[in-house]
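Those letters in the sequence shown? Residues 388 to 539, by the numbering used here.
Beneath this line is the structure, given in structure tokens, with notes to follow.
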Amino acid sequence: MKWQKEDIDQYQGAEEFVDTLLIPLMPITMNSKKDIKKLAFQGDLLNFFANEIEKQFKGRIFLIPTYSYYESNESENEVERLNNWVNQLTKNPFKHVFFLTFDHHWKKDERNLDGNLLWFPAIQTEEIDSKQTQPILKDQITQINELIRSYW
């Protein structure tokens, strides 16, 4: 289920079955044209992954809008801010929280997060829909789905 009107109606009727929260984590920056383009593509890819995961586990996972943050070295503040956000969201009966990201900086703070980090390296391509990229993406999504199942 997603953060959209028709899914919210469905969620409110089946809250007890939706026990997993999926939170995409996306850094943003305006420092350089290269970084902007790279992060924008990663954002597209992250949305693609999150939507595919939600689609496969519809009725069990609730996908909320992407948690965006400014790319910086102040990870302590960001961890605290994210955990506060999660604490507000988990007042509902979510038993599992997963953070989905390409940003390797979260790995060093993983133990301080109020949830499970699903980090993986972004593929280096510019075409999500290309015939060469699709099998790679499907394989990564399958692996992520298996990992999520292992926590249930």
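The C-beta atom is built at its ideal place from N, Cα and C for all residues, glycine as well.
As the structure is a computational prediction, the values presented were derived from the model and not from experiment.
Please state if the CB of residue j and the CB of residue i are separated by a distance shorter than 8 Å.
| i | j | result |
| --- | --- | --- |
| Leu-542 | Thr-416 | An answer regarding residue 542 cannot be provided, because it is not within the stretch 388 to 539 covered by the chain. |
| Gln-429 | Phe-489 | yes |
| Tyr-456 | Pro-414 | yes |
| Asp-496 | Asn-474 | no |
| Ile-510 | Thr-520 | yes |
| Ala-437 | Leu-469 | no |
| Asp-406 | Lys-482 | yes |
On the premise that residue j lies in contact with residue i, defined as a C-beta separation below 8 Å, what is that separation, rounded to the nearest angstrom?
| i | j | result |
| --- | --- | --- |
| Ile-531 | Leu-505 | 6 Å |
| Trp-539 | Ile-451 | Incorrect: roughly 19 Å between the Cβ atoms, too far for contact. |
| His-492 | Ser-537 | Not really, about 24 Å apart at Cβ, beyond 8 Å. |
| Leu-409 | Thr-477 | Not a contact, Cβ separation roughly 13 Å. |
Quick one: is residue i buried, meaning 16 or more other Cβ sit within 10 Å of its Cβ, or exposed?
| i | result |
| --- | --- |
| Pro-411 | buried |
| Gly-400 | exposed |
| Glu-441 | buried |
| Phe-404 | exposed |
| Ile-448 | buried |
| Leu-534 | exposed |
| Glu-393 | exposed |
| Glu-465 | buried |
> What are the complete alpha helix (DSSP H) segments, minimum 4 residues, inside the stretch 424–466?
Replying inline: Runs of the alpha helix (DSSP H) inside the stretch 424–466: none found.
> Which full runs of the alpha helix (DSSP H) of 4+ residues lie inside the stretch 390–429, going along the chain?
Replying inline: Runs found: 392–400.
>> List, from N- to C-terminal side, the beta strand (DSSP E) runs of 3 residues or more that fit wholly inside the stretch 461–533.
In response: For the stretch 461–533, the full-length beta strand (DSSP E) segments reaching 3 residues or more read 483–488, 503–506 along the chain.
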